[in-house]
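Following: one structure in structure tokens, then a few remarks.
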Amino acid sequence: MKKDMTPEEYLQRIMSKEPSETCPMRRTLELLSGKWRTHILYELCKKDSYRFGELKKALPRITNTMLTSTLRDLEELGIVHREQFNEIPPHVEYSLTDKGKALLPVFCELAKWGENNLD
Numbered sequence: 000m001k002k003d004m005t006p007e008e009y010l011q012r013i014m015s016k017e018p019s020e021t022c023p024m025r026r027t028l029e030l031l032s033g034k035w036r037t038h039i040l041y042e043l044c045k046k047d048s049y050r051f052g053e054l055k056k057a058l059p060r061i062t063n064t065m066l067t068s069t070l071r072d073l074e075e076l077g078i079v080h081r082e083q084f085n086e087i088p089p090h091v092e093y094s095l096t097d098k099g100k101a102l103l104p105v106f107c108e109l110a111k112w113g114e115n116n117l118d
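Numbered continuously in numbering that gives the first Met the number 0, the sequence shown closes out at residue 118.
Have a look at this one:
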């Protein structure tokens, strides 16, 4: 897709094609789907890195199991980097990869939409 494509051009493009499993929009929506993925990515955008406990505090309603599982999924997708520190006490830090940081403009556009359309 062209970077300078307008929303109108994009709409014309998607209306003229049959749905496809390789559609970039479908693949992106699937990547961001799930109750906690976007929440975790949003928190990771705020700081260079987070320890597990810090993320848990930032998302108080998430369970440890769900946080662990979602972080693993995002790590497999290459969006989140996990770094283990073998010190006493051992700890792990999570951060966004370059691929994950590339989602910042998407969050910016969502924030703009929210400011303009939500009460």
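Glycine included, C-beta positions come from ideal geometry on N, C-alpha and C. Predicted, not measured: the structure shown is a model, and the values here were computed from it.
- Burial state of L109 is exposed, judged by a 10 Å Cβ sphere holding fewer than 16 other Cβ atoms.
- Taking the Cα positions, L40 is about 14 Å away from T27.
- A buried status is given to T69, since no fewer than 16 other beta-carbon atoms sit within 10 Å of its beta-carbon.
- Pairing L117 with C44 gives a Cβ-Cβ distance that is not under 8 Å.
- Residue state for E108 is assigned as helix, using DSSP reduced to three classes.
- DSSP lists Y93 as the bridge partner or partners of Y49.
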